[in-house]
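**Student:** The listed protein sequences derive, respectively, from chains A and B. The first sequence begins at 1 in this note's numbering and counts up one residue at a time. The second sequence begins at 338 in this note's numbering and counts up one residue at a time. Questions regarding the structure given below will be posed in turn.
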Amino acid sequence: MIFIAACCILTFALLCVSLSIGKYELSVTESYRIFINILFGRNKVVTMADEVVWEMRLPRSMMAVSVGAGLSVAGAAMQSLLKNPLADPYTTGVSSGASFGASIAIVYGFCLLPSITGQNAIIVNAFLLSLIPSAVMVALNIFKKNTTATTTILTGIAIMYVFSAMTAMIKLLAKPESLSEVYIWSVGTLGKATWDNIGVVTTVVISGSALLMLVSRHLNVSTSGDKLAATLGININALRVYLLVVISFMTSAIVSFTGTIGFVGLAVPHMVRRIIGSENRYLLPASMAFGAVFLLLCDIIARSVGTTGLPVGTITALFGGPLFIYLLIKENKLLKG
Amino acid sequence: MRINVNGVAFSYSSTPVLKDINLDLEGNEFVSIIGPNGVGKSTLIHCMNKILTPTEGVVMINGEDIKGIPLKELAKKLAYVPYSGGDAFPLKVVDTVLMGRHPHNKWKSLDSDLDIVYDTLKLLRIEHLAMRQFNELSAGQHQKVMLARGIVQEPRLLLLDEPTANLDIRHQIEVTKLLKELSVAKDMLVVMISHDLNIASKFSDRMILMHEGTIFAVGTPEEVLTEENIRIVYKVDSNVVMHNGRPHVILNDSLGDSSDCVDESPEIGISGTPSVAAS
Chain A
1 MIFIAACCIL
11 TFALLCVSLS
21 IGKYELSVTE
31 SYRIFINILF
41 GRNKVVTMAD
51 EVVWEMRLPR
61 SMMAVSVGAG
71 LSVAGAAMQS
81 LLKNPLADPY
91 TTGVSSGASF
101 GASIAIVYGF
111 CLLPSITGQN
121 AIIVNAFLLS
131 LIPSAVMVAL
141 NIFKKNTTAT
151 TTILTGIAIM
161 YVFSAMTAMI
171 KLLAKPESLS
181 EVYIWSVGTL
191 GKATWDNIGV
201 VTTVVISGSA
211 LLMLVSRHLN
221 VSTSGDKLAA
231 TLGININALR
241 VYLLVVISFM
251 TSAIVSFTGT
261 IGFVGLAVPH
271 MVRRIIGSEN
281 RYLLPASMAF
291 GAVFLLLCDI
301 IARSVGTTGL
311 PVGTITALFG
321 GPLFIYLLIK
331 ENKLLKG
Chain B
338 MRINVNGVAF
348 SYSSTPVLKD
358 INLDLEGNEF
368 VSIIGPNGVG
378 KSTLIHCMNK
388 ILTPTEGVVM
398 INGEDIKGIP
408 LKELAKKLAY
418 VPYSGGDAFP
428 LKVVDTVLMG
438 RHPHNKWKSL
448 DSDLDIVYDT
458 LKLLRIEHLA
468 MRQFNELSAG
478 QHQKVMLARG
488 IVQEPRLLLL
498 DEPTANLDIR
508 HQIEVTKLLK
518 ELSVAKDMLV
528 VMISHDLNIA
538 SKFSDRMILM
548 HEGTIFAVGT
558 PEEVLTEENI
568 RIVYKVDSNV
578 VMHNGRPHVI
588 LNDSLGDSSD
598 CVDESPEIGI
608 SGTPSVAAS
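Put into structure tokens, the structure is as follows:
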């Protein structure tokens with residue numbers, strides 16, 4: 001509980017810091033003052049500084065919080081569900097489906113739903129196609145009896161390869177300009193955040209997380225083995241389907257707005273496990289809180305680099321990787337000592 | 338508590354494992370199932386707790402067919418302690434044991450659940466392990482924690498798959514004695530699979546000897562553990578002597594070619610924890 005509270009406070013502090021970072025120079029206190037004034041309706045967005053803080057930086061920071069929390073909680077649930085420490089929210093092939101969808105929108109300007117173009121076409125395509133791999137896995141779990149966690153993972157990986165191959169074909173035939181756009185999309189960025197997007201993503205993340213936490217006790221039992229779960233009164237197949245559906249929807253919604261931001265969903269749950277343990281009732285909310293801090297921090301770093309900043313997807317692994325390795329080594333030392 | 342197994346048969350795809358099993362158990366006995374590897378002991382237990390559905394026949398608990406009992410209801414009557422419990426993400430001992438309360442509560446653990454957990458840990462004399470991580474424990478402690486999880490489930494029937502495997506002689510005796518005591522203290526039927534004939538003989542009220550997918554003999558240890566039975570079922574030459582009123586098996590030598598023993602593979606059943614890497 002202390003850990004979650006600390007993360008929440010840290011999130012807010014970082015949020016204020018993040019508002020002051022960018023090309024347009026503002027001090028932390030000044031941007032904070034603007035933020036508070038507009039938030040409580042004392043000021044309208046008038047000046048250039050207001051515009052920068054409220055319309056450009058705040059949406060991006062809010063998006064970091066939502067996406068970080070969402071990917072982390074989804075990753076934690078996926079790892080527990082599949083009993084595999086290497087699982088992450090993309091294990092079901094969500095990212096590959098989404099990349100394929102985004103690629104056809106960017107390269108051919110084609111949208112699965114008629115009369116939608118531009119950014120929205122990318123979002124719609126990415127969302128719809130990212131649901132396909134998950135749908136296959138859910139169907140597998142429903143129709144084939146005795147599907148194990150291992151089969152589920154392997155199916156996800158196989159589908160991922162199929163979609164990656166199709167994306168690769170599109171890329172080979174694409175013009176250089178669209179290719180670069182596809183590439184940037186696939187790295188994952190928070191830069192496209194607007195107030196409208198945030199509403200959607202935040203709603204999905206909050207409701208999805210709530211649905212996951214509802215079954216956190218069942219998740220504990222399922223990690224101890226399918227047989228044991230059955231004798232403790234849990235229908236493991238139904239649980240797996242439920243979790244796959246919730247995780248996929250949540251991840252698809254996030255990915256379609258931001259691209260595939262990697263590493264967060266894999267590493268954050270493990271970092272949290274090191275600190276508070278694997279009891280899912282605490283792990284899920286703590287992963288959300290820490291995920292928000294982590295991605296916001298990464299985004300602050302990404303924004304401060306160079307004049308235009310980098311997509312956050314490049315930073316998560318670059319800075320998160322060494323931190324992750326440090327935590328892994330540190331725990332081993334503790335075990336030996 | 339009464340469990341009846343009526344004409345149960347089971348096959349893994351086309352390989353028959355159990356053939357026409359009939360068994361009636363009742364009261365608060367401590368029963369052990371013995372027999373060579375691959376003879377269908379685990380499969381029988383899995384048919385009794387609904388992990389597997391028998392190809393033929395029915396299993397009844399207190400006169401009710403278990404097919405019609407929802408998993409969660411069944412879990413209040415019947416607990417299972419698996420052969421090994423390697424967890425991908427180990428929890429604290431207290432949380433591991435608390436899982437056993439799952440069938441009884443809605444969504445939050447109550448203080449009363451924790452009380453039951455601590456009482457059980459005390460009963461098994463492992464309360465000092467409560468805050469340790471499950472994966473840091475020794476095999477004997479592991480087994481006791483998994484046993485504790487089965488006990489807090491407050492079942493009327495406790496099924497155990499080789500609870501003494503991997504344990505040293507002292508822990509084997511301790512765990513088996515505890516199971517006998519529990520059957521009386523908690524008024525439950527305890528059924529365990531065992532490979533140690535002498536320890537099973539020392540504590541069991543009844544023994545079930547299985548042979549090639551059927552029940553070869555049922556009865557008191559004295560009735561079941563005879564030199565002839567052991568020769569036929571295990572293909573082992575032995576002397577059985579009486580010691581403190583219980584039969585004691587002294588092993589001499591294995592008989593004939595061991596290759597005609599039953600194939601090992603069907604014992605595995607549903608695959609366990611996966612270790613395959615993802616993405």
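Glycine included, each C-beta is placed from N, C-alpha and C at the ideal position. No experiment lies behind these values; they were computed from the predicted model shown.
Please decide whether residue 235 of chain A counts as near chain E, where near means a Cβ-Cβ distance under 8 Å.
**Tutor:** Reference to chain E is not applicable here, since the protein chains of this structure are A and B.
**Student:** For a cutoff of 8 Å on Cβ pairs, would you count residue 223 of chain A as touching chain B?
**Tutor:** Cβ-Cβ to chain B under 8 Å: yes for residue 223 of chain A.
**Student:** Below 9 Å on C-beta distance, what does residue 588 of chain B contact in chain A?
**Tutor:** Those within 9 Å of residue 588 of chain B in chain A number zero; the least Cβ separation is about 32 Å.
**Student:** What does the Cβ neighbour count give for residue 152 of chain A, buried or exposed, with the cut at 16 atoms within 10 Å?
**Tutor:** buried
**Student:** Going by DSSP, name the residue or residues bridged to residue 429 of chain B.
**Tutor:** B:470
**Student:** For residue 330 of chain A, would you say it is in contact with chain B, using Cβ-to-Cβ distances shorter than 8 Å as the test?
**Tutor:** It does not; no Cβ of chain B falls within 8 Å.
**Student:** Do the stretch 69–77 of chain A and the stretch 96–103 of chain A meet, that is, are 3 or more Cβ pairs less than 8 Å apart?
**Tutor:** no
**Student:** Counting beta carbon pairs with one atom in the stretch 403–421 of chain B and one in the stretch 560–569 of chain B, are three or more of them shorter than 8 Å?
**Tutor:** no
**Student:** Is residue 103 of chain A helix, strand or coil when you go by DSSP?
**Tutor:** helix
**Student:** Please work out which residues of its chain come closer than 6 Å, Cβ to Cβ, to residue 93 of chain A, disregarding the five sequence neighbours upstream and downstream, and give them in chain order.
**Tutor:** 133, 156, 159 and 160
**Student:** Pull up the CB-CB distance for residue 248 of chain A and residue 182 of chain A, whole angstroms please, since I reckon it's below 8 Å.
**Tutor:** Distance from residue 248 of chain A to residue 182 of chain A at the Cβ level is roughly 23 Å; contact not present, criterion being Cβ atoms closer than 8 Å.
**Student:** Closer than 7 Å, Cβ to any Cβ of chain A: which residues of the stretch 539–553 of chain B, in chain order?
**Tutor:** none
**Student:** Distance check for residue 123 of chain A and residue 107 of chain A, CA to CA, integer angstroms please.
**Tutor:** For residue 107 of chain A and residue 123 of chain A, the distance between alpha carbons rounds to 14 Å.
**Student:** Count Cβ pairs between the stretch 367–374 of chain B and the stretch 526–534 of chain B that sit closer than 8 Å; are there 3 or more?
**Tutor:** yes
**Student:** Does the beta carbon of residue 145 of chain A come closer than 8 Å to any beta carbon on chain B?
**Tutor:** no
**Student:** Determine the extent of the beta strand (DSSP E) in which residue 357 of chain B is found, giving its start and end residues.
**Tutor:** 352–363 is the extent of the beta strand (DSSP E) around residue 357 of chain B.
**Student:** Quick check: what's the CA-CA separation for residue 1 of chain A versus residue 291 of chain A?
**Tutor:** 15 Å
**Student:** Could you check what DSSP says for residue 593 of chain B in three-state terms: helix, strand or coil?
**Tutor:** coil
**Student:** Taking residue 269 of chain A as the reference, give the member of A:222, A:327, A:45 and A:234 with the closest Cα.
**Tutor:** A:327
**Student:** How big is the Cα-Cα spacing for residue 338 of chain B and residue 391 of chain B?
**Tutor:** 21 Å
**Student:** With residue 562 of chain B as the anchor, note down where its alpha helix (DSSP H) starts and where it stops.
**Tutor:** That residue, residue 562 of chain B, is in no alpha helix (DSSP H); it is neither H nor E in DSSP.
**Student:** Does the Cβ of residue 176 of chain A lie closer than 7 Å to at least one heavy atom of the ligand NAP?
**Tutor:** As for the ligand NAP, it is missing from this structure, which has no ligand bound.
**Student:** Hey, how far is the Cα of residue 531 of chain B from the Cα of residue 387 of chain B?
**Tutor:** In a straight line, the C-alpha of residue 531 of chain B is about 21 Å away from that of residue 387 of chain B.
**Student:** Quick check on residue 80 of chain A - is its C-beta less than 8 Å from some C-beta in chain B?
**Tutor:** yes
**Student:** Keeping to the same chain, check which residues put their C-beta closer than 7 Å to that of residue 344 of chain B; ignore five residues upstream and five downstream.
**Tutor:** 357, 359, 393 and 394
**Student:** May I ask you to list the residues that DSSP assigns as paired with residue 494 of chain B?
**Tutor:** Beta-bridge pairing links residue 494 of chain B to B:415 and B:526.
**Student:** Is the number of C-beta pairs between the stretch 51–71 of chain A and the stretch 223–242 of chain A that are closer than 8 Å three or more?
**Tutor:** no
**Student:** Could you name the residues of the same chain whose beta carbon sits closer than 6 Å to that of residue 240 of chain A, not counting the 5 residues immediately before and after it, in chain order?
**Tutor:** 141
**Student:** Using beta carbons (cut-off 8 Å, strictly below), is residue 416 of chain B in contact with chain A?
**Tutor:** Output row for residue 416 of chain B: interface = yes.
**Student:** Can you list, in chain order, the residues of its chain with a C-beta nearer than 6 Å to that of residue 404 of chain B? Leave out the 5 residues immediately preceding and following it.
**Tutor:** none
**Student:** Across the stretch 283–297 of chain A and the stretch 427–439 of chain B, are there enough close Cβ pairs to call them in contact, namely three or more that are closer than 8 Å?
**Tutor:** no
**Student:** Give me the chain A residues within the contact set of residue 386 of chain B, using Cβ-Cβ distance strictly less than 8 Å, ordered along the chain.
**Tutor:** Contacts between residue 386 of chain B and chain A, judged by CB atoms closer than 8 Å, involve 230 and 231 in chain order.
**Student:** If contact means a Cβ-Cβ distance below 7 Å, which residues of the stretch 201–222 of chain A contact chain B?
**Tutor:** 217, 220 and 221
**Student:** Look at the Cβ atom of residue 377 of chain B, then the Cβ atom of residue 355 of chain B, and state whether they are nearer than 8 Å.
**Tutor:** Yes.
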